[in-house]
Structure formats: C-alpha cells, structure tokens
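*Asks:* If you count by my numbering, then the sequence shown holds residues 120 to 568, one letter each, in order. Heads up, the beta-carbon is just placed ideally off N, CA and C, and yes, glycines get one too. One structure, pasted below without further comment.
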Amino acid sequence: PSQQEAIRFGLASEDLAIIHGPPGTGKTTTVVELIQQAVKRGEKVLACAPSNTAVDNLLERLIVAGAKVVRVGHPARVDESLREYTLDAQVADHEVMSVVQDMLREAETLFRKAGRFTRAKPPRGAKSEMRREARRLKADARLLEQQAVESVLDRSNVVCATLTFNEDLLGDRRFHLAVIDEACQSTEPACWIPVLRADRLVLAGDHCQLPPTVLSDKAAREGLAISLLERMVAHYGQQVTRQLKIQYRMHQQIMQFSSEQFYDGTLEADDSVVSHTLEDLPSISASSLTNQPITYIDTAGADWHEEIEPEGESKRNPKEGAFLLRKVEQLEASGLPTKSIAIITPYAAQVRWLRDQRGRDDLEIDTVDGFQGREKEAVLISCVRSNATGEIGFLGDIRRMNVALTRARRSLIVVGDSATLGGHEFYAALFSYFESIGAYRSIWEEDTF
C-alpha cells in the first residue's frame, strides 16, 4: 500500500516528489512501476542514477517490464548483457545505417582515387572535385547518422543514463519527467543535469543511509556532501515526501533497531520475512548459529587491538578478522552456500586483509560503502576499532552503521569491542538492544576463540 501511495503521489505531483525508501522496502521496484505508469500516460521519462551499476539495475528491470528504453553512455561501461539496448547499438541496427556505411565507403574510395593521380595528368580540377564530393558524402552520412540517433530517441519512452551523461547526445530534447534513483548518493550539481531537462522531478533514495562520496574536505564542508534529496526533505518535509513502510528483506529483529533509530519506528516486516531464519532454508542443519537472527560477539578484554595497515592510513584488526573467517567456515559447514554470505567492514585495510587471508574470491568481502543497496542471507560485520582511548573514527557516522546493520536477510553477526565503541550513545543503544533480544555473547563464550 505505501508503494502504491508513493507511485500515485509521484504521478500526481506538479513539480517535485520524493520517495523515501528505507532498506529492503523495494524502492527501485517502486521507481520502475512509477516510470511504467508515466509511460502509459504517454509521457517521456529520463531515468538516472549516480553510478553505471545503479543505472543498469534500473535498465534491466525496465526491460523486463517491457518498456521501450534506450541506454545513453559508453557501451564499455554498460553490463555486457544489456549492450544491445545502448544508443550506440540501437543506432548501428537502424535501417539507414547501411546507406551511411555505403556513403562512407564511397567517400573513402574517392579520397584514395584523388591521391592516386600520379602518372597520367588528370584534367584540371579533377582531384579537388573528387575530394569535394568525398567530403560532401561524409557530411551527408553524418547527417543521416544524426537522424538515426534522433529516430532511436524518438521511438523510446524512457532514456536511461548516469547523471553526468554527455549532454550533446540529447540535443535540446526535453522530458515530461526525470526520475533519479539512489538520489542520496549523488552530489547536488550532478542532479541539475537531468533536472533542467524535465517538467517534473521524482527523487528516490534514503537520506538515513550513506551520503555522496566527496573526496575534497573543503567541498564537503561547503555543502557538497548534502544531496539534493536531503536538502529538499529538510526544506519541504512531508509535503513533498512519501515513505515506503513495508520491508521485504529482514527478519523482524534485524529490522527493529534501525527502524527505531532512523525511521521513527515506522518500518514493518512483510509476513514473508518477519520470522525467517537460516534454518528455514533447504539443507541447513539446525544450530544456535542458524536459528538466531542476530548474534553480537563482544571482544572486550580479548586484547584484539586495531592496527594501521603497513604503508597505509586505513585500520585493520587481524585477530577479529581471523575470528570472522572461522565463523564463515561454521556457516558453510552448516550447509549455507558461500554465495549467500558476505563480510562487510567500514575499513578498506580490513577488506584487503580478509581477502588476502581467505585466499580465494568465492566469498564476498567488501566495505560497507561498497555494499550499499545489496543484501545476503547472512552478513557478518567486522567493526575493527579496538583501542584504549575509545576512538571510533568514521564509525561515528551512524548512517554507515545503518547500512551495515540492514544488509542481512536471515542472519546478522556483529563482532566488535564494546569497551571501545560503547562510549558513543548510538553504540550504547545498539548493545543494549542486542542484550534485550538475547543476542549478546562475550568472546569468552565462543568455542573457536
């Protein structure tokens, strides 16, 4: 119902509508349905996202939904299975292109002929006439090619592109509606490119997850780390926003803390996921590891100190990492396929250490930032920070932890040092939540310790 309400709201809006999609609520599914409905009304839609991966995700779903869609962008950056939908591929298949090829070949022949007049003296002006004719043919061919581009764009109802697409390709073409998915991961200036081509705008994203990546501290301080969506929510609030409320990913207990901390307790687990655990999957052996939705293992007192990566700036925690890899082996031994498991961590050095130790790339190991938008049946989080002074670095950006805590469908295993993290009110609340649902364990209770 909240998805349908968001779609109705987005279609009825005269200028701006925001679809706020918390984790697992089917935001992209909603966006695709909204685009289809707009197309049914005879509208032309420009569908954008900040990354090629996110655009390809939209494109794939629009194709399945049967939309007439064209993908603008360099074909090499588009997923191979989707290349036939790129503007380049569709133009190459266009009926006029065989004529264009003939004209270009003829021009090439004329250029060659003009260069070959050596022995016999050509009639006066013949060479330059040939070259002129060749140039004319080339210009006409380019014109025809441009017409093929226009024709492909005219035939399609939806144009998909990253936010920073090549403006020249679209000429002065306008759209009834621009839709930006993952809008919170885009800087505001990038959003203006599609915004200026459309009569109406729909932004979809979640400002309670990670903001755009801005490499310059000065730019971030000056406000570039605040997305257009976040600024519009702060400015107009509920009058332009509809939130999706049912999530289709997480067990109730995995969802609960995030719902209370970030979404005013508004999230509900769909019946299909509310109580699902690993042990409900086929061929999984029952154990406390597979029937618990959440396990927090506290490493306080174990002296598993963080360290700075040699030749680097990033932090890692080898003992914590080794423990997590043993946990993965236990999950695999209980029958869970490796492809259903991921380890995520805020620190790139920990990712490198874990990948190196694992020694084969069958297990997905990534930074939290790299895993936004993704999910697995079981997710293990390595918090890394463990020091005497309670420094937690960018774990202090709790939006990163919101992403981390909401990637798992059936099993979330968090490993961290409460003595280091617990001084921060967010983590103190998280640990007391873990205790309240019986998910807390000390490292001393672990057999593999």
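In whole angstroms, give me the CA-to-CA distance for Asp-134 and Leu-289.
*Replies:* Distance between the alpha carbons of Asp-134 and Leu-289 is about 22 Å.
*Asks:* May I have the straight-line CA-CA distance separating Asp-318 from Leu-153, to the nearest angstrom?
*Replies:* 16 Å
*Asks:* For Pro-142, collect the residues of the same chain with a Cβ closer than 6 Å to its Cβ; drop the 5 residues on either side in sequence, then sort them by chain order.
*Replies:* Thr-525
*Asks:* How many Å lie between Gly-356 and Leu-450 at the Cα?
*Replies:* 43 Å
*Asks:* Based on Cα-Cα distance, which residue from Val-392, Ala-497, Asn-506 lies nearest to Ile-427?
*Replies:* Asn-506
*Asks:* Which residue spans inside the stretch 460 to 547 form an unbroken beta strand (DSSP E) run of at least 3?
*Replies:* 460 to 464, 483 to 486, 495 to 501, 527 to 535
*Asks:* For the stretch 366 to 442, which segments carrying the beta strand (DSSP E) assignment without a break, of at least 3 residues, lie completely within its bounds, in sequence order?
*Replies:* List check, beta strand (DSSP E) in window: 413 to 417.
*Asks:* Can you tell me which of Ala-267, Lys-187, Leu-343, Ala-253 puts its alpha carbon nearest to the alpha carbon of Ser-217?
*Replies:* Ala-267
*Asks:* Look up Phe-284 in the DSSP assignment and say whether it is helix, strand or coil.
*Replies:* coil
*Asks:* Within 8 Å, do at least three Cβ pairs link the stretch 406 to 426 to the stretch 520 to 536?
*Replies:* yes
*Asks:* Please classify Gln-358: is it buried, with 16 or more other beta-carbons within 10 angstroms of its beta-carbon, or exposed?
*Replies:* exposed
*Asks:* Beta-carbon separation of Lys-146 and Ala-388 under 8 Å?
*Replies:* no
*Asks:* Run through the stretch 225 to 258 for me and flag every whole beta strand (DSSP E) of 3 or more residues, listed as ranges in chain order.
*Replies:* With a minimum length of 3 residues, no continuous beta strand (DSSP E) run stays inside the stretch 225 to 258.
*Asks:* From the DSSP output, which residues share a beta bridge with Ser-561?
*Replies:* Its beta-bridge partners are Asp-417.
*Asks:* Which stretch, first to last residue, makes up the beta strand (DSSP E) that contains Val-189?
*Replies:* 188 to 190
*Asks:* Give me the Cβ distance between Arg-316 and Leu-165, rounded to the nearest whole Å; I'm assuming they're in contact under 8 Å.
*Replies:* 6 Å
*Asks:* Short of 7 Å in beta carbon distance, which residues of its chain neighbour Glu-252, apart from the five on each side in sequence? Order them along the chain.
*Replies:* If we look at Glu-252 and ignore the five residues flanking it on each side, its Cβ neighbours are Leu-229.
*Asks:* Look at the alpha carbon of Ala-339 and the alpha carbon of Glu-349, and state the distance between them as a whole number of angstroms.
*Replies:* 14 Å
*Asks:* Can you give me the start and stop residues for the alpha helix (DSSP H) that Leu-310 sits inside?
*Replies:* Checking the sequence, you will find Cys at residue 310 rather than Leu. If you look at Cys-310, you'll find it in the alpha helix (DSSP H) that goes 307 to 314.
*Asks:* For Gly-143, name the three-state secondary structure that DSSP assigns.
*Replies:* coil
*Asks:* Let me know if Trp-472 comes out buried or exposed under the rule of 16 or more other beta-carbons within 10 Å of its beta-carbon.
*Replies:* buried
*Asks:* For Ile-365 and Lys-446, which I take to be in contact (beta-carbon distance under 8 Å), what is that distance rounded to the nearest angstrom?
*Replies:* Rounded, the Cβ-Cβ distance is 31 Å, inconsistent with contact.
*Asks:* Report the CB separation of Ala-468 from Arg-435 in whole angstroms; it is logged as a contact under 8 Å.
*Replies:* Contact between Ala-468 and Arg-435 holds, since their C-beta atoms are separated by about 4 Å, short of 8 Å.
*Asks:* Can you tell which of Val-151, Pro-120, Ala-157 has its C-alpha closest to the C-alpha of Ser-132?
*Replies:* Residue Ala-157 is the option with its Cα nearest to Ser-132.
*Asks:* For Leu-386, which residues of its own chain have a beta-carbon under 7 Å away from its beta-carbon, when the five flanking residues on both sides are left out?
*Replies:* Closer than 7 Å at Cβ, skipping near neighbours: Pro-141, Lys-364, Gln-366, Met-374, Ser-378.
*Asks:* Could you have a look at His-326 and say whether DSSP puts it in helix, strand or coil?
*Replies:* coil
*Asks:* Is the number of C-beta pairs between the stretch 186 to 206 and the stretch 271 to 287 that are closer than 8 Å three or more?
*Replies:* yes
*Asks:* Between Leu-408 and Ala-184, what straight-line distance do the alpha-carbon atoms span, to the nearest angstrom?
*Replies:* 39 Å
*Asks:* Mind checking Ser-247: buried by the 16 CB within 10 Å criterion, or exposed?
*Replies:* Classification of Ser-247: exposed, given that the 10 Å Cβ count is below 16.
*Asks:* According to DSSP, is Asp-198 helix, strand or coil?
*Replies:* coil
*Asks:* Tell me, please, whether the stretch 494 to 502 touches the stretch 300 to 308 by the rule of three or more beta-carbon pairs shorter than 8 Å.
*Replies:* no
*Asks:* Can you have a look at Glu-307 and say buried or exposed, based on whether 16 or more other CB atoms are within 10 angstroms of its CB?
*Replies:* buried
*Asks:* Where Leu-272 and Phe-294 are concerned, what is the direct C-alpha to C-alpha distance, given to the nearest angstrom?
*Replies:* 11 Å
*Asks:* Express the C-alpha separation of Ile-312 and Ala-547 in angstroms, rounding to a whole number.
*Replies:* 42 Å
*Asks:* Within 10 angstroms of the Cβ of Trp-423, are there 16 or more other Cβ atoms? Answer buried if so, exposed if not.
*Replies:* Residue burial is scored here from C-beta neighbours: Trp-423 has at least 16 other C-beta atoms within 10 angstroms and is therefore classed as buried.
*Asks:* Can you tell me where the beta strand (DSSP E) with Ile-299 in it begins and where it stops?
*Replies:* 294 to 299
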